[in-house]
Amino acid sequence: MARPELPLDPSAGPVHRFAADLRSLRARAGSPPYHELARQAHFSVTSLSDAARGHRLPTLAVVRGYVLACGGDVEQWSGRWRDLVAAQRRAKRVSSGKPDRKFALWLISVGVGLLGAAQHDAR
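Residue numbers (my numbering): 5 to 127.
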């Protein structure tokens with residue numbers, strides 16, 4: 005018999021909420037065992053159970069397979085996944101404090117230009 009899934013706290017963040025919603029979708033589908041979902045989705049039991057674990061966001065392909073096997077709206081879930089990925093990227097850019105690549109290259113070019121002008125003036 006399969007081990008029961010560990011509880012998830014949907015308020016712990018968007019990835020946990022996404023995983024909790026995948027679990028809810030599976031429950032509405034009658035809680036089919038993961039080996040049955042794996043057969044229908046053409047993904048491993050581990051990939052599908054990891055998708056509902058909430059440790060990290062699953063790939064879009066795994067989400068689509070999971071949702072299809074549970075009879076959910078694949079396009080709706082794909083949109084949710086894309087929105088979550090976009091939000092994570094925005095949050096990462098903001099929290100990293102790093103300038104984006106174009107700005108960094110511009111800043112370097114300005115610095116090189118100023119250095120060249122200073123060397124020219126020193127002659």
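Each residue gets a CB set at the ideal place from its N, CA and C atoms; glycine is no exception.
Three-way DSSP call (helix, strand, coil) for residue i in this model
i           : result
residue 39  : helix
residue 20  : helix
residue 54  : helix
residue 61  : coil
residue 12  : coil
residue 33  : coil
residue 68  : helix
residue 105 : helix
Residue i classed as buried or exposed, judged by whether at least 16 other C-beta atoms fall within 10 angstroms
i           : result
residue 116 : exposed
residue 43  : exposed
residue 31  : exposed
residue 52  : buried
residue 41  : buried
residue 90  : exposed
residue 109 : exposed
residue 83  : exposed
CA-to-CA distance, residue j to residue i, given in whole angstroms
i           : j           : result
residue 27  : residue 15  : 15 Å
residue 94  : residue 88  : 10 Å
residue 7   : residue 80  : 30 Å
residue 66  : residue 114 : 45 Å
residue 68  : residue 78  : 6 Å
residue 61  : residue 17  : 11 Å
residue 48  : residue 97  : 33 Å
residue 33  : residue 75  : 7 Å
residue 35  : residue 12  : 16 Å
residue 111 : residue 70  : 45 Å
residue 21  : residue 105 : 32 Å
residue 73  : residue 23  : 15 Å
residue 45  : residue 39  : 10 Å
residue 37  : residue 57  : 15 Å
Output the residue ranges of the beta strand (DSSP E) runs that lie fully inside the stretch 71 to 101 and measure 3 residues or longer, sorted by chain position.
-> Scanning the stretch 71 to 101 for uninterrupted beta strand (DSSP E) segments of 3 residues or longer gives nothing; none is fully contained.
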